[in-house]
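> My questions will all concern the structure given below.
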Amino acid sequence: MDDHLPLEDAIAAQPEWMARAATLVAEALAEHPVARWAPAETVAVIGMGASTHAGAVFTEALRARGQRAVNLDASAAARFPDGFSPAEHVIVISESGRSPEPILAAQRLPERPVVITNDPVSPLAELGSPVIPLGGFTDSGVYTIGYTTTLVALAALAGAHGVPLADPASLADVAARALADAAEPGASLAAALDRCTFLDLVGQGVSYGGAQAGALLFREATHLATAAYDTLQYLHGPMECCGPTAAVLMFGDGRERPLAEQLEGAGVLTHRLVMGAGVSGPGVTHIGVPGAPDGADYPAAVGEIVFAQVVAAALATRRGITVGDWRFPQPDTKLPPASYFP
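If you want it as structure tokens, here you go:
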């Protein structure tokens with residue numbers, strides 16, 4: 433799993449792998465019948481990096497439907513005492529299955545968690561029951577196919593437990609439409625971003641999880657300083673540093689609309705992404721798939737991250753950055769293939 437696709441190739445391949453993941457996940461869940469989650473029970477998601485952001489999308493969507501849910505960094509969960517569980521139901525996510533923090537977190541749990549991974553024979557997979565496979569793909573140097581297929585797997589898992597978020601098979605179509613609609617405005621936005629010193633990503637509900645995922649993507653792929661904020665939190669001070677060299681990418685068409693107008697009036701490069709029908713133009717892009725006006729609809733998370741990917745890939749190309757060639761490689765974020773966390 434250490435080989436990488438070019439970022440553009442991974443972005444383009446997502447609809448195919450998402451459709452395959454929907455089939456594989458359905459087959460895996462058919463072999464492990466599950467009971468409904470009771471609303472009074474809590475579902476916990478544990479992950480690192482962008483897996484944490486997929487967990488943020490998922491748990492926000494669950495809570496919006498009345499299901500208790502918490503999203504936890506594996507670095508924190510790995511420090512839990514042995515035998516402690518943060519919830520009645522635990523899902524651990526790691527695309528590689530070799531990130532040490534999720535492995536240690538799973539080892540500390542009193543019962544085997546559900547594991548979502550791209551490598552069903554990885555160290556993490558050995559700790560899971562059931563193990564939900566993502567497909568065995570080669571990803572880009574940053575979390576791309578892994579992120580969107582994880583959203584597919586989580587939607588399938590929720591549906592199997594009686595909390596429908598979206599038809600997992602339909603999410604590949606959302607990605608395909610987003611790729612088509614994002615190409616032209618994404619290139620234009622990338623050109624404008626190239627002069628900016630930082631980028632804030634802003635959204636509410638499920639879209640806040642997408643903003644977090646997008647912020648990490650831009651930091652890794654384009655070396656642009658970023659931060660992610662809930663829309664309403666953004667009104668309480670964080671936007672005060674914005675000026676002519678700042679940029680803000682917003683997901684949503686509620687409170688985001690007047691906020692964008694205010695920022696534009698101050699000379700801030702501002703762009704809104706809206707999921708649903710509408711006319712795209714300067715400062716706003718519509719992705720032609722259904723989505724709630726406030727961005728709380730689960731499929732919106734797919735369109736939002738695909739748009740961010742397209743922009744980030746174009747900006748990385750403009751800056752001559754080879755995505756996945758790390759400035760600061762770390763020796764301990766992945767285990768060697770044949771080793772286990774002590």
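Under the working numbering, the first residue of the sequence shown carries the number 433, and numbering increases by one thereafter. Ideal Cβ placement from N, Cα and C applies to all residues, glycine included. Keep in mind it's a predicted model, so treat the numbers as computed, not measured.
Assuming G399 contacts Q636 (C-beta within less than 8 Å), just tell me the rounded distance between them.
Shown here, the chain extends from 433 to 774; a query on residue 399 therefore has no answer.
> Check whether the Cβ atoms of L681 and L631 lie closer than 8 Å to each other.
Within the sequence shown, residue 681 is the residue found at index 249, counting from 1. Within the sequence shown, residue 631 is the residue found at index 199, counting from 1. Against a cut-off of 8 Å, the Cβ pair of L631 and L681 comes out as a contact.
> For the beta strand (DSSP E) holding F630, just list the boundary residues, first then last.
On the sequence shown, residue 630 is found 198 positions in, with the first residue counted as 1. 630-635 is the extent of the beta strand (DSSP E) around F630.
> With a threshold of 7 Å (Cβ to nearest heavy atom), would W469 be considered close to the ligand ATP?
With respect to the ligand ATP, the structure shown offers nothing to examine, as it has no ligands at all.
> When DSSP builds the beta bridges, which residues end up paired with M707?
Mapped onto the sequence shown, residue 707 falls at position 275. Partner(s): I719.
> State whether the region 465-475 contacts the region 584-593, with contact taken as three or more CB pairs (one from each stretch) at a distance under 8 Å.
Enough Cβ pairs lie closer than 8 Å, so yes.
> Tell me whether P542 sits in a helix, a strand or coil according to DSSP, three-state version.
As a first step, residue 542 is located in the sequence shown; it is residue number 110 there, counting from the start. DSSP places P542 in coil when its eight states are reduced to three.
> Could you tell me the alpha carbon to alpha carbon distance between E543 and M480, rounded to whole angstroms?
In the sequence shown, counting from the first residue as 1, residue 543 sits at position 111. In the sequence shown, counting from the first residue as 1, residue 480 sits at position 48. If I take the Cα positions, the gap works out to 20 Å.
> Below 8 Å, how does it come out for the region 740-749 and the region 617-628: are there three or more Cβ pairs, yes or no?
The answer is yes - the region 617-628 touches the region 740-749, with three or more Cβ pairs under 8 Å.
> Identify whether D435 lies in helix, strand or coil by the three-state DSSP scheme.
Position 3 of the sequence shown, counted from the first residue, corresponds to residue 435. In the structure shown, D435 sits in coil (DSSP, three-state: anything other than H, G, I, E or B).
> To the nearest angstrom, how far is it from the Cα of E492 to the Cα of E693?
Position 60 of the sequence shown, counted from the first residue, corresponds to residue 492. Position 261 of the sequence shown, counted from the first residue, corresponds to residue 693. Rounded to the nearest angstrom, the two C-alpha atoms are 27 Å apart.
> Rounded C-beta distance between L556 and A585? I'm assuming under 8 Å.
Translated into positions along the sequence shown, residue 556 becomes position 124. Translated into positions along the sequence shown, residue 585 becomes position 153. That pair is no contact at about 14 Å.
> Please return the same chain residues whose Cβ sits closer than 7 Å to the Cβ of E473, not counting the five positions on each side in sequence.
Here the question's residue 473 lines up with position 41 in the sequence shown. Closer than 7 Å at the Cβ level, and outside the excluded window around E473, lie R500, E520, H521.
> Could you tell me the boundaries of the alpha helix (DSSP H) in which V489 lies?
Translated into positions along the sequence shown, residue 489 becomes position 57. That run of the alpha helix (DSSP H) goes 482-496.
> Could you say if the region 647-662 and the region 694-705 meet the contact criterion of at least three C-beta pairs nearer than 8 Å?
Too few Cβ pairs lie closer than 8 Å, so no.
> Measuring CB to CB, does D571 end up less than 8 Å from H655?
Start at 1 with the first residue of the sequence shown, and residue 571 comes out as number 139. Start at 1 with the first residue of the sequence shown, and residue 655 comes out as number 223. No, Cβ-Cβ distance for D571 and H655 is not below 8 Å.
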